[in-house]
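Chemist: This is the structure I want to talk about, given as structure tokens.
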Amino acid sequence: MEDSHLSTLIYSILALPVVFGILYWVKIRRDIRRNESGEVEYTSVAQAIGFLVVEGLTVVASLAIMIAAVSGIVRYIIITYA
């Protein structure tokens with residue numbers, strides 16, 4: 130039984146760098162499209178909607194992974210030290 134809790138902790142810890150990498154990738158994509166005045170530029174409405182959908186889904190998915198990872202770490206701490 131202890132192995133499953135330990136493996137959950139390891140997976141949770143390994144998920145955090147993945148989440149931060151995904152969020153950093155989204156930030157880099159946004160920074161690339163900024164012009165000199167700091168506004169985001171798109172060449173067409175289709176491109177804007179495409180980027181909005183891709184980046185929105187990516188942020189929501191990464192936040193869901195982060196919540197699951199943090200809850201796995203907290204669950205391990207509660208089970209181990211309670």
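In this note's numbering, the protein residues as written are 130 to 211.
Ideal placement from N, C-alpha and C gives every residue a C-beta, glycine not left out.
Bear in mind that the values here come from a model prediction, so they are computed numbers and not experimental data.
1. Quick check on DSSP: helix, strand or coil for R158?
2. Span of the alpha helix (DSSP H) holding V169?
3. Just the C-alpha distance for W154 and I208, rounded to the nearest angstrom, thanks.
4. Using CA atoms only, rank isn't needed, just tell me which of V199, A211, Y210 is closest to Y140.
5. Excluding the five sequence neighbours on either side, which residues of its own chain have a C-beta within less than 6 Å of the C-beta of L145, listed in chain order?
Modeler: Looking at the atomic coordinates:
1. In the three-state DSSP reduction, R158 falls in the helix class (H, G or I).
2. First-last for V169: undefined, no H or E at that position.
3. 34 Å
4. V199
5. A198
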